[in-house]
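**Q** In the UniProt record's numbering, the protein residues as written are 1 to 258. Before I ask anything, let me first share the structure, which is written out below as C-alpha cells.
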Amino acid sequence: MAGMSESPSRTRAHDVSSAPVARIALVGDRSPNVTSHTRVPLLLEALADRDGLVLDAYWIPTPDAEEPGALRGFDAVWVLPGSPYRSEAGALAAIRAAREDGVPFLGTCGGFQHALLEFARNVCGLTSVAHAENDPDADDPLIVPLACSLVGHEGTVKLAPGSLAESVLGVDRTLERYHCSYGPGDAGHLDTLRAHGLRITGTDEQGRARVAELPGHPFFLLTLFQPELSGDGSRPHPVVRALARAAVAHAAGAARAA
C-alpha cells in the first residue's frame, strides 16, 4: 500500500469486493512525529485484510478544513491527535459538519477535546469557552491542563451500560492508552453539555470524563484515549473498526440513494 499524503492525494487499501469503498477524511496536521498518524496506514491495511472494510483515506490539514464544503462527500470523519492544530477553526468546522450532516465521526485525544469545544459553542451557546492549549489566558476554559499528564499512561475506563461505547467494546471496563496533557475541566460545563444531549459514557476511576457520544447520531464517538495506539497496529481497536463499519454503511446508503 502506498504511503498516504495530504489532500488531494490519497491512499486506497486493498480492493475487497465484499463491501463498498468508503471515503474517510483524516483531519489533522500530519506529522511523522505523531505516533497515531504513523499508525493509520497500518490500521487501514488491517481493516481491509482482516475485516474486508475498505477505506479510501484523505488527509485534510486543519487549515484546509476551514474551507466551505471541505468535508462534503465523505463517509466518515476522524479528527486525530496532534494538537495544537494549525487551525482550531478548521478542526471545529470539520466536527460541526460531521455532527450536523449525520456523517460518522470519531474524535480521539485532541479530537475529543475539540469536539467538546464545538458542541459547547455551537449547541450549548457557550461561545466564550476556550481550549487552554490554544488560549492559555482564556477567562472561561473548557479544556484545561490535566493535573497529572496522561502522556504514555494506561488507565482503566468504565463504560456506561447501554452506551455506544459499551456496545462497540463489548465490555463495561477497559484498559486504554493515552498520550495527552489536556482534558475537560469545570464540571459545570459538562453538566451543560449533558443537558443539551451529549452523553458522557466513559470515565476513569475518579469519575473524570474519558468517553462521550451523541445519541441519535448515526455514529458520533469521542475518546480522550487513543485507540489507534492499541497493540502493534495489526489488529484494529474495536473503536476504529466500528468507525470503519459505520463509514461503509454510510457509503452503502449513499449508493442506494443515488
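Glycine included, C-beta positions come from ideal geometry on N, C-alpha and C. Every value quoted in this text rests on a predicted model; they were computed, and no experiment measured them.
(1) Considering Cα atoms alone, identify which of P41, E88 and P104 is closest to R121.
(2) Since L198 and L214 are thought to touch, with beta carbons under 8 Å apart, how far apart are those beta carbons, to the nearest angstrom?
(3) G110 to R96, Cα distance in whole Å?
(4) Report yes if the C-beta distance between L55 and L44 is below 7 Å; otherwise report no.
(5) Can you list, in chain order, the stretches of the alpha helix (DSSP H) that have 4 or more residues and sit fully within the stretch 217-252?
(6) Would you mind stating whether L117 and H131 have Cβ atoms separated by less than 7 Å?
(7) Of all the beta strand (DSSP E) runs that stay within the bounds of the UniProt domain "Glutamine amidotransferase" (53-131), which reach a length of 3 or more residues?
(8) Sort out for me which residues DSSP pairs A144 with in a bridge.
(9) From the DSSP secondary-structure annotation, give me the bridge partner or partners of V23.
(10) In the structure shown, what three-state DSSP assignment does E213 receive?
(11) Answer with buried or exposed for S5, where buried requires no fewer than 16 other C-beta atoms within 10 angstroms of its C-beta.
(12) Once the 5 residues before and after H153 are set aside, which same chain residues still bring their CB inside 7 Å of it?
(13) Could you check what DSSP says for Y202 in three-state terms: helix, strand or coil?
(14) Would you identify the three-state DSSP class for E166, choosing helix, strand or coil?
(15) Assuming E154 is part of the beta strand (DSSP E), what are its boundary residues?
**A** Taking the structure as given:
(1) Looking up residue 121 in the sequence shown gives position 121. Closest option to R121, Cα to Cα, is E88.
(2) Counting from one through the sequence shown, the residue named residue 198 turns up at place 198. Counting from one through the sequence shown, the residue named residue 214 turns up at place 214. Indeed, because the Cβ distance is near 6 Å, the residues count as touching under 8 Å.
(3) Looking up residue 110 in the sequence shown gives position 110. Looking up residue 96 in the sequence shown gives position 96. C-alpha of G110 to C-alpha of R96: approximately 15 Å in a straight line.
(4) The count along the sequence shown starts at 1 and reaches residue 55 at position 55. The count along the sequence shown starts at 1 and reaches residue 44 at position 44. Their beta carbons are under 7 Å apart, which means L55 touches L44 by this criterion.
(5) Counting whole runs of 4 or more residues, the stretch 217-252 contains no alpha helix (DSSP H) stretch at all.
(6) Along the sequence shown, one-based indexing puts residue 117 at 117. Along the sequence shown, one-based indexing puts residue 131 at 131. Result yes, Cβ atoms of L117 and H131 sit closer than 7 Å.
(7) The UniProt domain "Glutamine amidotransferase" (53-131) contains, as complete beta strand (DSSP E) runs of 3+ residues, the segments 55-60, 76-79 and 105-108 (chain order).
(8) Here residue 144 is taken as the residue at index 144 of the sequence shown, counted from 1. Looking at the sequence provided, one finds Val at residue 144 rather than Ala. The partner list for V144 (beta bridge, DSSP) reads G183.
(9) By one-based count along the sequence shown, residue 23 stands at place 23. According to the sequence provided, residue 23 is Arg. The question's Val does not apply to it. The partner list for R23 (beta bridge, DSSP) reads D56.
(10) Here residue 213 refers to the residue found at position 213 when the sequence shown is read from its first residue. DSSP places E213 in strand when its eight states are reduced to three.
(11) The count along the sequence shown starts at 1 and reaches residue 5 at position 5. Any reading at S5 must be qualified, since the residue scores a pLDDT of 46, below 50, and its modelled position is unreliable; no value is offered.
(12) For the purposes of this step, residue 153 is identified with residue 153 of the sequence shown, where counting begins at 1. The answer, listed in chain order, is Y178.
(13) Your numbering for residue 202 matches position 202 in the sequence shown. A small correction: the amino acid at residue 202 is Gly; Tyr does not occupy that position in the sequence shown. In the structure shown, G202 sits in a strand (DSSP, three-state: E or B).
(14) Walking along the sequence shown from the start, residue 166 turns up at place 166. Note: E166 maps to helix in three-state DSSP.
(15) Taking the sequence shown and counting its residues from 1, one reaches residue 154 at position 154. In the DSSP assignment, E154 falls within the unbroken beta strand (DSSP E) covering E154 to L159.
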